[in-house]
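Reminder that position 1 of the sequence shown reads as 1 in UniProt numbering, one-by-one numbering, no gaps. Input: a single structure, listed below in structure tokens.
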Amino acid sequence: MPERFDVHEIADFTAKVAHATALACVLLVDASAVRYIDRRGMDVLIEARLRCIDHTGEMVLLNPSLAARITLELSGRFEALNPIAEEALLPQSAECAA
């Protein structure tokens, strides 16, 4: 994910993950560089996770930055995005990265 994940980055993110969300895999979304995320960005992340789940896959928000974590926690969406701070804790199944 880019440093600033807002309405202007949505189309690019959606295009990158469109194929992966349809696969039965664990989609890894690296959020370590994110410094700003707006409401639409949060909505798109949740939509991507739901698409993964619909196709018997999963999405993991990997290594969220402190800024991303605080914003997501204050919005009440942090746990809904399946955050994981360490790759060793990833679910054991096929991985696909975004």
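Ideal Cβ placement from N, Cα and C applies to all residues, glycine included.
- DSSP places Arg-4 in the strand class (E or B) of the three-state scheme.
- Taking a contact as a CB-CB distance under 8 Å, the pair Ile-37 and Ala-80 does not count as one, their CB atoms being some 14 Å apart.
- Approximately 6 Å separates the beta-carbon atoms of Leu-27 and Val-17; this is inside 8 Å, confirming the contact.
- In this structure, Gly-57 lies away from Ile-10, with their beta-carbon atoms at least 8 Å apart.
- In the three-state reduction of the DSSP assignment, Leu-27 falls in the strand class, which pools E and B.
- Glu-9 carries a coil assignment under DSSP once its states are collapsed to helix, strand and coil.
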